[in-house]
Amino acid sequence: MTMPTITTVVASAGAGKTTRIVGTIATEVASRDPETIVATTFTVKAADELIERSRAKLFELGMPDKAARLLGARFGTVNAICGQIVSENAIALGRSPRAEVIPESSVPRIFAIAADTAIERHAPALNELAEIMGFFEPKRATDAGRSDWRTTVRRLIELARANGIPSSELAISAGRSVETFLELLPPASTRSSDEFDANLLAAVRSAVTAVPAEFSATAKTHVALLRQIDAEIRRGGRISWPNWARLSKVSCAKKDGQAFIDALDAVAQAAGRHPEHPRLREDCSRFIRSVFACAGEALAAFQAYKAERGLLDFTDQEALALQVLRDPAMSASLGERIGRLFVDEFQDSSPLQVAIFTAMSELVDTSTWVGDPKQAIYGFRNADSALTQAAFAGVAASSSEPQDVLATSYRSREGIINLVNAAFPPALGAMGLKAEEHAFTGTGRSEDGFTQAPLAVWWLEGKLELQYAALAAQIRDLVKSDAPWEVAAKPTGVRALRAGDIAILCRSKADIAKVSAALSQQGIKAAVEREGLAQTSHVQLVMAAFRWVADPTDRLALAELARFFADDPGSESWLEALGAENSSEAMLAAVPIYSDLSAIREHILSLTPADLVDAIILLPELNRRVESWGDVAARVDDLEALRGFARSYEESCASEGSPATPSGLALALAAENPARPRSLQDDAVKVMTYHGAKGLEWPVVILTGLGKEPEPRLFEPTAEADGEIDWQNPLTGRWIRFWPWPYASQKKDVYLDASAPNSTLGQKAAIRTRDEEARLLYVGMTRARDHLVFAPPAKGTLHWLKVLAGDGLEHFTLPPATGDGIRAGTETFPARIATLVSNEGVDAQPPVVSFGRIARPTTQRAPLYRRPSEASSDATFIIIEKAIIGPRLPFAGTPDMTLLGEAVHAIIAADQSDAPLDRRLAQAQAILDRWGVHQVAAQDVLGANERLLSEISRRWPNATVRHETPIAARIGDQVVTGRIDLLVEHEDGFAIIDHKSFPGSPDSWDARATAHAPQIQLYADALDKARPGAKCELFIHMPIVGGFLRVAHETPPP
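Each residue of the sequence shown is one higher than the last, beginning at 1 in the UniProt record's numbering.
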């Protein structure tokens, strides 16, 4: 086979890549038909820019006719070009030429519908395994999401499709994943799973028994863990693998005693054998095979669903286009219509896309692939940087001409360019790139007018929130400074820095939220694309009106409307209306637009869901309400985004042949929860992720997150390739590896944390991560035009910067507060250095409100519902009477007092003193077992209850005793609800007795009893509403210590 003619252009950041492509297209058009040009990009915006600039260039060169004909060329995203190819060959492919393309935002919803049956078929088994692996445990990291096997299934499907792996072959990847995962574990033990479990169970129970009465702070969490697991075992549960790991690390202090130390050592030793446990191997193997099987069935169902309805998504377009390109007859026909191929941003291609470009290159005279291996950062979007880098190298090796490199930066100042050149050689060398071929040769920027160095280091003191607060304060001062930073002006010279010139790059969405919040506290606008359009108050208001118009019986929607239209944001008048006798009329009275909404409902049959959204948004009173909340521009942008979502929902329904309904729109909005639009205000600081900054530039760029440690994605689905990469056959030898992490938040000292990184595949993953992190840092540093600011934490290791050393020693260091410059290799670069300290908001500025109505004076209102258990009072209570009605209950060990209190309370409430003793004992023991309390005997608790009943009989003969008596009463503007532990009704009135499982000595009883007095006084107040004037005495019963105390106001209320 003849090698296709391919040239590659390595375009460094800001080096005029688009200008080069435009110039080459103009040259080609001079000698060939413009309609034969094919040019692909990765965004619609970039495609539009490319064709417009190409046409402008042709007009400039005096070729207006060819500029007009260029509109007939194939310019567009990869998906758009593939879509054209598929449409032209639809009949030959056996498909309808009128196939509808699913918008990318609608794919998750349609997938969920199509694959629901397949996923639910596997859900019971996968949920069971996920539970034992701790998938449903809350994550400890603030910005970490909870594990979800459904997300893993979707990711497996994405990777399979991007790598050309059919659903029928996913079982092969499952087998290889199981095989490679089991190699990470020690050899399987000859002991049975039951033996492992029994040994740990015995050790845990012995340790629980050995817990000292008073234990150290070191032992506290371990004791709680032991008791929790012991209780789970007694309830018939199974110890999860995260808890096996936790038990292998239990410890205590010397003062806890040698017996307890030995017991914990036995637990740790038994639990520490978990890597050898046969059931760990079984569980993980089952999970891997099940999740791949689920993915295979879900993918097949998804493809069948689309085929039945004539639907295509973007990946379908690519797969079918490749089918055309590989078919001799169809490809020959296409080859007659195209002659020149340009591929932009080649480094971000997936294996499937590389296969398309390679096959298309065989049909045209010449192909030009333009990209920058140093900016390949989209591995998480299925791009394969190793494959595209191999393609660049392979093309260069087969060409007699030197590789074309665009190495002059037209973006950044000389100091920034020089720093980048010095910082990255070791990292580039580790990637297999020659630093001298990828270095900038200079800059096209002028230094005229600049008096300040382009580099700065801002050390951020304190915890993360305080670091961002200090950063925001520094930006505020910088923008308002009498000696502002200089940035380039147009057409020449410099001007003062403005807020809109600044971009802050963050590592995660959680960091973006914190930075933007800190900026807001300083009165600085932030342009940030935020998640959660459906969670904004103004969108919720519109959707509440939408739902009520669609369904007038939707009382929740009506209640939401009443809440949003309350004059006082903290008012609960809407809740009072909901609880009113005629609640519907009361809530309607609280909604000033209800008559307008009713009028809209009369015409609802003639309105589409999007029309209904528009009609509601246009209501004047609704607009006034939204405007009164301030930040009008952002809210209007959000409402426009809602209108756009409604239209796209209707288009999606039309494309799949399903009806667009109001309920469907509401469900789609909740399920997809689209992002809020980024602020368009020029005077806002831009805050975004490093990945989101790709392709953009700003006068001032601030780099944060420099302390983040790169973590290889070992336990996420990953595409692997066997042997040497063959870029000309990019889909050959590819499979998907998935290793589950069975230990939830336990990340260290669990065997897998060491064996996985040290494995062959683990080392490959570490190299991939190191290289991608270096490329991401390159992207961040090369976004800056005039000033580049490093904003590292003042304390801790700057892990991210270590990737610049490649395989060698430390290469790049930031100067300390007293230093003089940034060191990269043997070079030092001058930088302005500052240490920023937050004063914790002392100088915080209030956010600027762009519009606001005059509000009526706010009134502080107490909550509508008042719970006695949360009651407090300014009144003083005293002990009127104190009696000891029995001995202290004996303990065997140290119980959890909360669990003990709940268990004792339940036994006293449930006990029937006239029932047979054996039945009472069995019931009490069952309650203790259910609560995991074994330190106290059932008969002792029953004895405490009998002594209480005896005391009641002595004090109030023939009284009626009521356990757990519910009570509710309106007191003032509040409703008191609760349950009285024990209500005694006697001939003179009532006695309210509240149980408190307090284990303290008698000299501390008074303080504890008076602390709880407001609670039972509130019960007495509620009781007075039912029986006005009846005498009511208040008692605290302490069953653990045998105390019985009467409490009262120091001065009885009038």
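C-beta: ideal position from N, C-alpha, C; glycine also.
Euclidean distance between Cα positions of residue i and residue j
i	j	result
A56	R832	43 Å
K694	V549	44 Å
S869	D940	27 Å
F804	L466	Residue identity check: residue 804 is Leu in the sequence provided, not Phe. One C-alpha to the other measures close to 28 Å.
I1016	K996	12 Å
D988	A1030	8 Å
Q925	D981	21 Å
E709	I822	21 Å
A545	V78	41 Å
V779	L505	11 Å
G493	G500	18 Å
A654	T368	38 Å
P712	W739	13 Å
E414	T18	22 Å
E179	V539	50 Å
S537	R547	15 Å
A130	V211	32 Å
From the options, residue whose alpha carbon lies closest to that of residue i
i	options	result
I416	E716, E964, V701	V701
R867	G943, A969, S953	A969
V395	R954, P4, L982, S537	P4
E297	L618, H122, W459, L471	H122
A1026	I967, D988, V1047	I967
R498	P609, N382, D786, T553	D786
A202	P999, L311, L264, L464	L264
V933	I907, P916, A430, A397	I907
L597	A633, A559, P552, R563	P552
R98	S105, E104, A90	A90
T36	K66, T18, L703, E128	K66
F463	A245, G707, M431	Reading the sequence as shown, one finds Lys at residue 463 and not Phe. Cα-wise, what sits closest to K463 is G707.
L471	A915, W956, N839, A910	N839
L387	P916, D726, S12, E1050	D726
C294	E964, A171, S385	A171
V904	P64, P592, L948	L948
Presumed contact (8 Å Cβ cut-off) between residue i and residue j, rounded CB distance
i	j	result
A253	F812	About 43 Å separates the two Cβ atoms, so there is no contact after all.
L70	V29	7 Å
M587	A666	Contact doesn't hold; Cβ gap of about 20 Å is too wide.
L534	N623	For the sequence presented, residue 534 should be read as Ala rather than Leu. With a Cβ gap of about 20 Å, A534 and N623 do not count as contacting.
F829	L419	5 Å
I81	S54	The pair is not a contact, with the Cβ atoms about 15 Å apart (cut-off 8 Å).
L777	P454	No, L777 and P454 are not in contact; Cβ-Cβ is about 17 Å, not under 8 Å.
T689	R507	7 Å
Residues near residue i in its chain [Cβ-Cβ closer than 7 Å; skip 5 each side]
i	result
F196	R273, H277
V107	D313
Beta-bridge partners of residue i, as assigned by DSSP
i	result
E1033	A991
C506	T689
D404	V9
K882	L1045
F877	H1049
Y865	V975
W458	A834
L982	H963, I993
P793	L460
E100	L311
beta-carbon residue i near the ligand GDP non-hydrogen atom, thresh 6 Å
i	result
S192	With respect to the ligand GDP, the structure shown offers nothing to examine, as it has no ligands at all.
Same chain only: Cβ atoms within 6 Å of residue i, ignoring 5 sequence neighbours per side
i	result
A301	A114, A115, A118
V9	V370, D404
M133	W241, P742
A834	W458
D843	Caution applies to D843, whose pLDDT of 48 falls short of 50 and renders its modelled position unreliable; the value that the coordinates give is listed next. Same-chain partners within the cutoff: there are none.
Residues near residue i by beta carbon distance below 8 Å, same chain, minus five either side
i	result
S189	F196, R273, E276, H277, P278
Q912	R920
T7	T366, S367, T368, W369, V395, S399, E401, D404
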